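Notes follow the structure.
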Amino acid sequence: MTPKLRNSVIAAVGGGAIAIASALITGPTGNDGLEGVRYDPYQDVVGVWTVCYGHTGKDIMLGKKYTEAECRALLSKDLNTVARQINPYIQKPIPETMRGALYSFAYNVGAGNFQTSTLLRKINQGDQKGACDQLRRWTYAKGKQWKGLVTRREIEREVCLWSQK
Numbered sequence: 000m001t002p003k004l005r006n007s008v009i010a011a012v013g014g015g016a017i018a019i020a021s022a023l024i025t026g027p028t029g030n031d032g033l034e035g036v037r038y039d040p041y042q043d044v045v046g047v048w049t050v051c052y053g054h055t056g057k058d059i060m061l062g063k064k065y066t067e068a069e070c071r072a073l074l075s076k077d078l079n080t081v082a083r084q085i086n087p088y089i090q091k092p093i094p095e096t097m098r099g100a101l102y103s104f105a106y107n108v109g110a111g112n113f114q115t116s117t118l119l120r121k122i123n124q125g126d127q128k129g130a131c132d133q134l135r136r137w138t139y140a141k142g143k144q145w146k147g148l149v150t151r152r153e154i155e156r157e158v159c160l161w162s163q164k
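Just so we're aligned, residue 0 is where the sequence shown starts under numbering that gives the first Met the number 0, counting upward by one.
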């Protein structure tokens, strides 16, 4: 993790898990986090229509150029949705930094994948370190390992483990 991204995430800690996830995704300048930003809709590596900070869904308007404000609003809405989708499955208390890393992870892989993961099972068994280590397994798309996913998971794992230090 770059020092600038680390500082951005540290600054977000007081705002809670959603703020931490948002800082991870957007980065300190809004275009140098885990997702980057693209204002024009595009198809991601698995062919899913995507815009802004990784927003997907039927509401994407092909041909529209999104604004920074629209992208921030979509990210906020999406992270709140992720929180509602995964929080009920987390049965043990966890630190906000870990929760923020998990929101970023679930935002990327989908709440359904999170809900059925070994990572979640380890959280609920009280094995926080083991859960964070599971992030390293989620580096493939379409059966191929992606350098960008390896980097993303290492950063998410680092934040996930902050409370362990």
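Every residue, glycine too, gets a C-beta built ideally from N, C-alpha and C.
Here the structure is a predicted model, which means the values were calculated and not measured.
Check, Outcome
"Simplified DSSP state of P92, which is helix, strand or coil", "coil"
"Where the beta strand (DSSP E) containing D39 begins and where it ends", "37 to 42"
"Within 8 angstroms, strictly: CB atoms of I19 and G99", "yes"
"Sequence-distant residues of its chain with Cβ nearer than 6 angstroms to G73 (five each side left out)", "Sequence check: residue 73 is Leu here, not Gly. So the qualifying residues of the chain are C51, H54."
"Under the three-state DSSP convention, the category Q124 falls into", "coil"
"The stretch 86 to 99 touching the stretch 154 to 161, judged by at least three CB pairs closer than 8 angstroms", "yes"
"Close Cβ partners of C70 (< 8 angstroms) along its chain, the five nearest in sequence each way excluded", "V36, Y38, V50, C51, Y52, H54"
"M0 and I154 closer than 8 angstroms at C-beta", "yes"
"Element boundaries [beta strand (DSSP E), containing V50]", "48 to 51"
"Assigned exposure category for T66 - 16 Cβ within 10 Å defines buried", "exposed"
"Beta-carbon proximity of G32 to L78, cut-off 8 angstroms", "no"
"K141, DSSP secondary structure in three states", "coil"
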